[in-house]
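Participant:
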Amino acid sequence: MIEKKWQKKWADEKLFESNPNDKEKLFITVAFPYPSGAMHIGHGRTYTVPDVYARFKRMNGYNVLFPMAWHVTGAPVIGIADRIKRKDKWTLDLYENVHRVPKDELPKLEDPEYIVRYFSSEYNEVMHDMGYSIDWRREFRTIDPTYKKFVEWQITTLHEKGLIQKGEHPVKYCPNCDNPVGDHDLLEGEGVGVNELTLLKFKIDDKILVTATLRPETIVGATNIWLNPDIEYIEVDADGENWIITREAHHNLSNQIKDLEIKDEINPDDLIGKFALNQFTGTEIPILPASFVSGDYGSGVVFSEPADAPADFIALKDLKNNTELLDKYGLNDIIGDVNPIPVCTLKGYGEIPAKDIIECLEITSQNDDKLHEATNELYKAQHSKGKIIDTVEGYGGKKVSVAREELKEELISKNIATTMYDFAERPVICRCGENCVVKIMDDQWFMKYSNPEWKEKTHEVLENETIIPGEIKNNFNYYIDWLDDWACSRKVGLGTKLPWDNQWLIEPLTDSTIYMSYYSIARFLKDMNPDDLNLAFFNKVYLNEDSDDITVAPEVIKEIQDEFNYWYPLDWRLSAKDLVGNHLSFLMFHHSAIFPKDKWPRGTVVFGMGLLEGNKMSSSKGNVILLKDAIKDYSADVVRLFLMASAEPWQDFDWREKEVLGTKRRLEWFKDFANKVEQIKGSSLDLNSIDKVELTRTIDLWMLSQLNQHVKASSEALEVFQTRKALQESLFLLKKDIDHYLYRVNHLLDKKDEGVIYVLSIIVETWIRLLSPFTPHTCEELWAEYGGEGFASSAQWPQVDESLINPKIEKSEELIQNLIKDIEQIKKMVGDEAEKVHIYTAPDWKWDLYEIANEIGKPDIGQIIGRAVKADICDDKKEIANVAKKLGREMTKTKYVGKIDEADIINDALEYISKEIDCEVIVHEDDSYDPQNKARNAMPYKPAILIQ
RNA sequence: GCGGGGGUGGUCGAGUGGUCAAAGGCGCUAGGUUGAGGGCCUAGUGGGUUAGUCCCUUCGCGGGUUCAAGUCCCGUCCCCCGCACCA
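Each residue of the first sequence is one higher than the one before, counting from 5 in the numbering used here.
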């Protein structure tokens, strides 16, 4: 209720609508959402961080722009709409029960545009409910006609700079959907990589057995060809060559090689027993049967290299022992000549490494599951440490990894080989149920992130940026180097068409790399005619290039251009960490290519993820709490406070109901605090006119010192987005101190003590402002109720009064607390009823000694004693030595802040102390009365105690 | 494999080479307040010992540098994240 009230007031007053003025500006953006589902508390954190920062900086006098828009381009909603249309049960369930779309709205989601419209307006609503200080006049969607013109401009600009070029690339592809598929589109096979295989051609009559391998260098050790008699082989026409492969392999290969036409079926039994020519070595090798060969991997035809391939080794062994099979195919005469030919040497292995590893893992047949493991292990070992044996001409002694590449080149150039792609593992199944293939996309457009000069420039962008947290900077550097050409055109989805090649849509990450610059001018473009937003228009606005093609009036252009120049560059970019390797890096790339240096981004903050009671949050698994529900259950301020307090932005936060409730109680305590102060005061509290009071009590000074410490620490933390640390200081630790203060002055609370009232009033006044960025609604309400001027949201951020921060005062209170604790402890041990407590303060010479030790700075006892004796601080040299030794042990534990008047301090708190320990207290500054010789125990900050 | 980040008490997590047996939250225990167990306040939460002390153990494991190391160096084990055609 109060939240709605203040949101309305802010909107009515246009408090967060930011226009250029003469204040210092601050432009902060957060990655806009792709609204394909409801907003959950994870999103809540993402958008609360910039809001808190924006509010903080606004209170510090900055002109802050915090805008929001909707990323609706891309393919996911197309798939969602399809599944809704198909009445896919899982999808319907997800949208009805997790995203909580009302039943009558559900069928409308068959339209992808409706999906993004529906959820972006829901996002908008929830963001309002959260009280975000967004300038909504700049809201847009990435399919708005005006925005599309902007995308056309940027993509054309990059194209003209030669940074977008045509190429081809293998992709995971679903033949049924006729579209590339990402990992998230898969039913099975998530994370499976695509391998490049070498297709080696073995001649047999007028046909070619095409064998696929990851290890072309082992061709010199080929002993035979394997065919699986149980699967279907076919003959295909590959550009005039007659290839023999499996039918399943054709399914995949036909997406990579054009016009791969099936000519005939081949019965593998007809080939087994015959010989094929190894064109590289010139030897004839037999064709043999093997059951481990699968029809869907590679070409379905395998050449055997039993020395290094465990599967080949064991298959050969199996065959030699299988008289039935040998008889069937009449292989008895030739099988004896088929023996492993060594190819690689590898430390720790013998001449036939495959044999060693098979024996080591106790593999007994070619259908053993461990075969995969054996193959992987040997493959890795040989790749990193193996060498080709010396007898191989041209390649002997070379590293396996080197020989592999070189030999492959040679084979391809001699047309003995070609390349193909296949999944590292199968199956890979699309959500539609179809078996995926690797397709080579030609005609595809690429963003040339491989361009070295571009990379160079992008590194420069990064160098000049502040990255939070700092460790991520290494990550960025790595990604900038690692990024290869990025396919930037698509066939399916919502989006803008490539201006020069209309069959393609612009890929959705590509259209969102410099859109922050669009925010700066969005409020003007909204109502303009898209036809006026031609290339010349944007060239003028963004790059100040003149042209006759501009159709917009100069004074209008000027205003727009000025606004852009006022807000740009972007001061802070915030985003979740999963975008580091793409979006955030692209942002740097594109800024470096399009804008001059003074418009490059200045800072990036990367967020962690959200957990729910210790488990990963995920909409698709239903493990989420919707933000709107959280607001309803706890209020926006509690949600905001919890999200900001439970972890720093870049750490993963964990939504635990118990702790959320704790946060709620904490906020209620705060809400009630002003009221409590008013009661103590006994009259109404007016924050706008607090009468200044000269304070003398240590405890009052202590409270103000602590308050200023917390303000200082909190401000410093917020400056670098440490919301948790800021709240730790401004909420938890401050409250702890206030609790202590109230406890300390408890005896004064009903006496209308003006010192106490003053201190408490200052706390209320400061505290409301300190928490205003985090819990703006609550703070506005309190601010208004207790006479604050204007909005709390636009009040000045509390300034630190350094003169009130007093380490000696803080030390004094620490002394009192320790004293009480010590007395209590001694009392407990003595057991007897104590009547009187004598306290002895440290004599001056001990302070002198401390001063000396402090100057020396380290516990060098010899030096301390030496100087002390020389300075003649005390007659009793032996006692100097004793105390110095003790001091040496303690000085690193005690923060020395200078001499304090202990007697004065203790007397000031005498009433409190005696009440606490329930005893009469007598303070001695000398040992004139010291029946048990305790006074000598007194040390600075640690008076001696005698209990009677 | 490559790259990045980590391993601190029952748990989540602070922690600049000395002020750290280790903030704060949560949990647990005790006391106070109250309309008993809710909330709030106070105290405790590795072990031993004691007139407020001191000792031992301890920051994944093993070494090293230093008067002094959770913090720096070397080695080692383990865990998490990213590796792309996509938000």
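Note that CB positions come from ideal geometry on N, CA and C, so glycine has one too.
All values reported here derive from a predicted model rather than from experimental measurement.
1. Looking at the secondary structure, which residues open and close the alpha helix (DSSP H) in which TYR383 lies?
2. Give every residue of the same chain whose Cβ lies closer than 8 Å to the Cβ of GLY371, excluding the five residues on either side of it in the sequence, and list them in chain order.
3. On the premise that THR423 lies in contact with LEU203, defined as a C-beta separation below 8 Å, what is that separation, rounded to the nearest angstrom?
4. Return helix, strand or coil for VAL120, following the three-state DSSP convention.
5. In angstroms with no decimal places, state the Cα-to-Cα distance between GLN158 and GLU109.
6. Please classify LEU547 as buried or exposed, where buried requires at least 16 other C-beta atoms within 10 Å of its C-beta.
7. List, from N- to C-terminal side, the alpha helix (DSSP H) runs of 4 residues or more that fit wholly inside the stretch 58 to 107.
8. Using CA coordinates, which residue listed in ASP505, THR779, MET707, TYR762 is at the minimum distance from ILE809?
9. When DSSP labels each residue in this structure, what does ASP704 get in the three-state scheme?
10. Taking the alpha-carbon of ARG587 as reference, which of ILE361, THR517, ILE6 has the nearest alpha-carbon?
11. Could you check how far apart the C-beta atoms of ASN246 and LYS262 are, in whole angstroms? I think they sit under 8 Å.
12. Rounded to a whole number of angstroms, what is the C-alpha to C-alpha distance between LEU665 and ASN712?
13. By DSSP's criteria, ILE208 is part of a beta bridge. Which residues make up the other side?
14. Tell me which residues share the same chain as TYR425 and place their Cβ nearer than 8 Å to its Cβ, disregarding the 5 neighbours each side in the sequence.
15. At 4 residues or longer, and completely inside the stretch 383 to 429: list those alpha helix (DSSP H) runs for me, N to C.
16. According to DSSP, is THR287 part of a helix, a strand, or is it coil?
17. Hey, quick one: how far does the beta strand (DSSP E) through PHE31 stretch, first residue to last?
18. Taking the continuous beta strand (DSSP E) assigned at LEU509, which residues delimit it?
19. Can you tell me which of the three DSSP states PHE528 falls into?
20. What residue from VAL545, HIS47, LYS662, ILE742 has the CA that sits closest to MET621's CA?
21. Among ILE820, ALA721, ALA42, which residue has its Cα nearest to the Cα of VAL628?
22. Looking at the unbroken alpha helix (DSSP H) that takes in SER776, where does it start and where does it end?
23. What's the call for ARG577, buried or exposed, on a 16-neighbour Cβ count within 10 Å?
24. Spatial neighbours of ASN941 within its chain, please: C-beta separation below 7 Å, excluding the five flanking residues on both sides.
25. Can you say whether SER734 is buried or exposed, counting buried as having 16 or more other CB atoms within 10 angstroms of its CB?
26. Judging by CA-CA distance, which residue of GLN732, LEU487, GLU511, ALA491 is the nearest neighbour of PHE593?
27. Within the same chain, show all residues whose beta-carbon is closer than 7 Å to that of TRP394, passing over the 5 residues directly before and after it, in chain order.
28. Could you pull the DSSP bridge partners for GLU924 from this structure?
29. Measure from the alpha carbon of ASP905 to the alpha carbon of each residue in LYS755, PHE795, LEU616, THR845, then state which is nearest.
30. Return helix, strand or coil for ASP274, following the three-state DSSP convention.
31. Ignore the nearest five residues each way along the sequence and tell me which others in ASN256's own chain have a CB closer than 7 Å to its CB.
32. From the DSSP output, in three-state form, read off GLU464 for me.
33. Measuring only the C-alpha atoms, how far is LEU830 from ASP743?
34. Got a sec, what are the start and stop residues for the alpha helix (DSSP H) GLU817 sits in?
35. In chain order, which alpha helix (DSSP H) runs of at least 4 residues are fully inside the stretch 521 to 582?
36. Closest to ILE45 by CA distance: which of THR222, TYR638, LEU382, PHE284 is it?
Facilitator: On the basis of the data shown:
1. Along the first sequence, read from residue 1 onward, the residue named residue 383 stands at position 379. In this chain, the alpha helix (DSSP H) harbouring TYR383 covers 374 to 389.
2. Here residue 371 corresponds to residue number 367 of the first sequence, with the count starting at 1. One point to set straight first is that residue 371 is Asn, not Gly, in the sequence displayed. SER295, PHE296.
3. Looking up residue 203 in the first sequence gives position 199. Looking up residue 423 in the first sequence gives position 419. Contact flag correct, Cβ pair sits at about 7 Å.
4. The sequence position of residue 120 within the first sequence is 116, counting from 1. The answer is helix: DSSP assigns VAL120 an H, G or I state.
5. On the first sequence, residue 158 is found 154 positions in, with the first residue counted as 1. On the first sequence, residue 109 is found 105 positions in, with the first residue counted as 1. Roughly 37 Å between the two C-alpha positions.
6. One-based indexing of the first sequence puts residue 547 at position 543. It is exposed - the Cβ of LEU547 has fewer than 16 other Cβ atoms within 10 Å.
7. DSSP runs (the alpha helix (DSSP H)) wholly in the stretch 58 to 107: 80 to 89, 93 to 97.
8. Sequence index remark: in the first sequence, residue 809 carries index 805 (1-based). Nearest option by C-alpha distance: MET707.
9. Position 700 of the first sequence, counted from the start, is the residue given in the question as residue 704. It is helical.
10. Along the first sequence, read from residue 1 onward, the residue named residue 587 stands at position 583. Per the sequence shown, residue 587 should be read as His rather than Arg. HIS587 has its Cα closest to that of THR517, out of ILE361, THR517, ILE6.
11. The count along the first sequence starts at 1 and reaches residue 246 at position 242. The count along the first sequence starts at 1 and reaches residue 262 at position 258. Contact flag wrong, Cβ pair sits at about 16 Å.
12. Residue numbering aside, residue 665 sits at position 661 when the first sequence is read from its first letter. Residue numbering aside, residue 712 sits at position 708 when the first sequence is read from its first letter. Spanning the two alpha carbons is a distance of roughly 29 Å.
13. Locating residue 208 in the first sequence gives position 204, where the first residue counts as 1. For ILE208, the beta-bridge partners assigned by DSSP are LYS211.
14. As a first step, residue 425 is located in the first sequence; it is residue number 421 there, counting from the start. Excluding sequence positions up to five before and after TYR425, its CB lies within less than 8 Å of the CB of PRO174, VAL198, ASN199, GLU200, LEU201, GLN260, VAL442, ILE444, all in the same chain and listed in chain order.
15. 404 to 417, all fully within the stretch 383 to 429.
16. For this step, residue 287 is matched to residue 283 along the first sequence. Looking at THR287 - three-state DSSP - the assignment turns out to be coil, as it is neither helix nor strand.
17. Here residue 31 is taken as the residue at index 27 of the first sequence, counted from 1. Element bounds for PHE31: 29 to 34.
18. If you number the first sequence from 1, residue 509 lands on position 505. In the DSSP assignment, LEU509 falls within the beta strand (DSSP E) that extends over 505 to 510.
19. Counting from one through the first sequence, the residue named residue 528 turns up at place 524. Reduced to three states, the DSSP call for PHE528 is helix.
20. Locating residue 621 in the first sequence gives position 617, counting from the first residue. If you compare the alpha carbons of VAL545, HIS47, LYS662, ILE742 with that of MET621, the shortest gap goes to HIS47.
21. Mapped onto the first sequence, residue 628 falls at position 624. Among ILE820, ALA721, ALA42, the Cα nearest to that of VAL628 belongs to ALA42.
22. Here residue 776 is taken as the residue at index 772 of the first sequence, counted from 1. Segment: none, SER776 is in no alpha helix (DSSP H) and carries neither H nor E.
23. As a working note, residue 577 is residue 573 in the first sequence. Buried.
24. For the purposes of this step, residue 941 is identified with residue 937 of the first sequence, where counting begins at 1. Excluding its 5 nearest sequence neighbours in each direction, ASN941 has C-beta neighbours in its own chain below 7 Å: ALA948, listed in chain order.
25. By one-based count along the first sequence, residue 734 stands at place 730. SER734 comes out buried.
26. Translated into positions along the first sequence, residue 593 becomes position 589. For the residues GLN732, LEU487, GLU511, ALA491, the minimum Cα distance to PHE593 belongs to LEU487.
27. Taking the first sequence and counting its residues from 1, the one referred to as residue 394 is at position 390. In the sequence on display, residue 394 carries Asp and not Trp. The residues GLY400, GLY401, in chain order, have a CB closer than 7 Å to that of ASP394 in the same chain once the five nearest residues on each side in sequence are set aside.
28. By 1-based counting over the first sequence, the position of residue 924 is 920. GLU924 is bridged to LYS840.
29. In the first sequence, counting from the first residue as 1, residue 905 sits at position 901. Closest option to ASP905, Cα to Cα, is THR845.
30. Looking up residue 274 in the first sequence gives position 270. Helix, per DSSP.
31. The count along the first sequence starts at 1 and reaches residue 256 at position 252. Scanning its chain for C-beta atoms nearer than 7 Å, with the 5 sequence neighbours on each side dropped, one finds around ASN256 the residues ASP426, VAL441, VAL442, in chain order.
32. In the first sequence, the residue the question calls residue 464 occupies position 460. Helix, per DSSP.
33. Counting from 1 along the first sequence, the entry for residue 830 is found at position 826. Counting from 1 along the first sequence, the entry for residue 743 is found at position 739. Residue 830 is actually Ile in this sequence, not Leu. Each residue's alpha carbon lies about 26 Å from the other.
34. Within the first sequence, residue 817 is the residue found at index 813, counting from 1. Where GLU817 is concerned, the enclosing alpha helix (DSSP H) stretches over 811 to 834.
35. Positions of the alpha helix (DSSP H) runs, each at least 4 residues long and wholly inside the stretch 521 to 582, are given as 539 to 547, 558 to 571 in order along the chain.
36. Here residue 45 refers to the residue found at position 41 of the first sequence. Nearest in C-alpha terms to ILE45, of all of THR222, TYR638, LEU382, PHE284, is TYR638.
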